[in-house]
Amino acid sequence: MTKIISFSSDVSTIELPKKFDYPYNYSPHTLAQIAAKELQEYLTNQTDFSHNFGIKNPVDNNSLGKMFGVLVVQDQNGTLGYLAAFSGKLAESTQHKHFVPPVFDVLDKNEFYLTTEERLNELTHKIESLESSAGFIETKKAYQKTQQLHEKLLAEEQSKIKQRRKLRKKLGQQNNQLNINEEFYLREYEVYLNDKIATSKKAYQVKQHQIEELKQQRINLSAWAQQEIFKKYVFLNYQGETKNLLDIFTDSTQNIPAGAGDCCAPKLLQYAYKHQLKPICMAEFWWGKPLKTSIRKHQNYYPACTGKCKPILTHMLQGVTVEENPSVALLKEEKEITIIHEDSDLLVINKPHELLSVAGKEIKDSVFSRIQKLYPKATGPLVVHRLDMSTSGILLVAKNEETYKALQAQFVHKTIQKRYVALLDGILKEDKGKIELPLRVDLNDRPKQLVCYEHGKKALTQWETIETVDNKTKVYFYPITGRTHQLRVHAAHNLGLNTPIIGDDLYGNKADRLYLHAEKITFVHPTSKKQVSFTSPAPF
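Counting from 1, position 355 in the sequence shown corresponds to residue 355 in full-length UniProt numbering; the numbering is continuous, with no gaps.
Put into structure tokens, the structure is as follows:
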């Protein structure tokens, strides 16, 4: 049965895009948005499956949101339609009639995985049964109790001999032969104790060895199954070439992530290539309650992830004309740096948005490279701190190493005061407050950050409202810590302000720019030792 879905809307007058979307940073084409809206209507009204997305009750712990995707395609007759997919499993199944199938179905009864999983479960059950059996527990306790007693007895004899030797030394009665006899006695005593424990030790070791053998069998079987799964995930590209996960990640610096190949984009492209369909454009959106970690909001569009998907899509899009990364295009534009203050030791500059603080992999133009050209004799590391590429505002530059170290020390000790201005996409319930959400990098989607109470670093932001106009709120942000993307995540996350900064293409929606500006900085000048403040009014 074909998985091509015909548009219910009239799309005959819409011009097709000339190039396919750059998957990791794009705004969905009109066609993809229409397809996404039609899929959302289906999800709202469908009776094909039952899944608790948490839309009506977001606090329900049993609910789970899900990423969905659409791929607009053209068949060999030039007819447009679209394909639909979901990430991972949906309603405990990998296949549903409205959606394309997985690249490899681990739940297929004709495949090896289900029988392997049964064998793994059997091994786990045997291990748990042996470890919890009365016989093993009693044998282990008896051996450990006797062993501890014998270790105590041996330690006591060693202590007595040490005390006697100390006393002989104090009285000047050193006796080498006696020392040798005592060493011989200790060895004999240890052998005697070991002989007494030998029976219980052997009984314990026999049972423990049986458990360890089963555990090793489980490890080996699990490792084999994982490698076989990687081999089964075979991806096509537009040119008809195939690669499996092992091939794709051979040159990657990362291990193959869990769930690689089960995201929407690989599923959609795989089906298109298998059925000679031409990919036109795509869109992925979140459906359901927000996540507690990464930022996912109901009905919002999101690009493909860089960790799991980028290596796969790099292969799958071979032969497809793909748009240039829009961020790279923006970085190529010449932007002027304004000097707010200059003296013999430092500069206070206004960095324009979409300019790197330091050079990146693809783009070398940055604040650092510009300052280096302007001040070739400067000896300091120059850029004292950083602003996100998309953030504009005040940046400190040191002309010598002493100034750099002095300013860095103020940042480390959190004595430098910074104030940002941001325009948020919505109205806030409170007028001021603080946000404390620990952050760490999203390993599967760098450079994005996520909230993590287990491994995240402390991140604290204070804020206050300036004004609210046209359903948008302008706020001051006072970052107490300086984590990557801190203000952007604290604004957008549902446990923070739940209101993204306008133009935040990572955690919200694109606009003409990111409406975040480092407006004011206060610090102690390293030379004059006086507190100074500099302001660069927000351009919005």
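The beta-carbon is built from N, C-alpha and C at its ideal position, and this holds for glycine as well.
query	result
Within 10 angstroms of its Cβ, does W224 collect 16 or more other Cβ (buried), or is it exposed?	exposed
Hey, how far is the Cα of K278 from the Cα of K109?	31 Å
Using 8 Å as the cut-off, can you tell me whether the segment 474-482 makes contact with the segment 409-420, which would need three or more C-beta pairs spanning the two stretches below that distance?	yes
Suppose contacts are defined by Cβ-Cβ distances below 7 Å. Is K140 in contact with Y185 by that definition?	no
Determine the extent of the alpha helix (DSSP H) in which L123 is found, giving its start and end residues.	113-132
Return the bridge partner residues of A260 from the DSSP annotation.	DSSP output for A260 lists no bridge partner at all.
Per the contact definition of three or more C-beta pairs closer than 8 Å, is the segment 100-114 in contact with the segment 218-236?	yes
Once the 5 residues before and after K377 are set aside, which same chain residues still bring their CB inside 6 Å of it?	none
What separation, rounded to the nearest whole angstrom, lies between the Cα atoms of K19 and M282?	11 Å
Can you tell me whether DSSP reads E401 as helix, strand or coil?	helix
DSSP has Y476 in a bridge; who is on the other side?	V421, E464
Going along the chain, which residues of its own chain have a beta-carbon closer than 7 Å to the beta-carbon of Y404, five neighbours each way excluded?	G380, P381, V384, A398
Within this structure, are the beta carbons of D445 and T293 separated by less than 7 Å?	no
What is the residue span of the beta strand (DSSP E) that A84 lies within?	80-86
Count the other CB atoms, across all protein chains shown, that sit within 10 Å of the CB of N350; report buried if there are 16 or more and exposed otherwise.	buried
By a C-beta neighbour count over all protein chains shown, 10 Å radius and 16 as the cutoff for buried, is R296 buried or exposed?	buried
Quick check: what's the CA-CA separation for L423 versus Y24?	25 Å
Measuring straight from C-alpha to C-alpha, what distance separates L149 and T199?	15 Å
Can you tell me which of the three DSSP states V367 falls into?	helix
Indicate the three-state DSSP secondary structure (helix, strand or coil) for S392 in the structure shown.	strand
Taking K243 as part of the alpha helix (DSSP H), name the residues at either end of that continuous run.	Per DSSP, K243 belongs to no alpha helix (DSSP H); it is in the beta strand (DSSP E), 242-244.
For the segment 17-51, which segments carrying the alpha helix (DSSP H) assignment without a break, of at least 4 residues, lie completely within its bounds, in sequence order?	30-45
Determine the burial state of H125: buried for a count of at least 16 other Cβ atoms within 10 Å of its Cβ, exposed for fewer.	exposed
What are the boundary residues of the beta strand (DSSP E) that F523 is part of?	516-524
Measure the alpha-carbon distance for Q216 versus I34 and round it to whole angstroms.	52 Å
Specify, as a first and last residue, the run of the alpha helix (DSSP H) that A491 falls within.	486-492
Would the segment 451-470 and the segment 522-538 be scored as touching if the rule is three or more Cβ pairs under 8 Å?	no
Do N237 and Q144 count as a contact pair if the criterion is CB distance below 7 Å?	no
Taking 7 Å as the threshold (C-beta atoms), are E519 and R386 in contact?	no
Measure the Cβ-Cβ separation of L269 and M316 and say whether it is below 7 Å.	yes
Opposite H98 in the DSSP bridges: which residues?	DSSP, once it has assigned bridges, lists no residue as partnering H98.
So which of L428, L506, G496 has the shortest CA-CA distance to N471?	L428
State the DSSP-derived secondary structure class of S63, mapped to helix, strand or coil.	coil
Under the rule that 16 or more other beta-carbon atoms within 10 Å means buried, what is R164, buried or exposed?	exposed
Within 10 angstroms of its Cβ, does F49 collect 16 or more other Cβ (buried), or is it exposed?	exposed
Need the endpoints of the beta strand (DSSP E) that L186 sits in, please.	Per DSSP, L186 belongs to no beta strand (DSSP E); it is in the alpha helix (DSSP H), 176-232.
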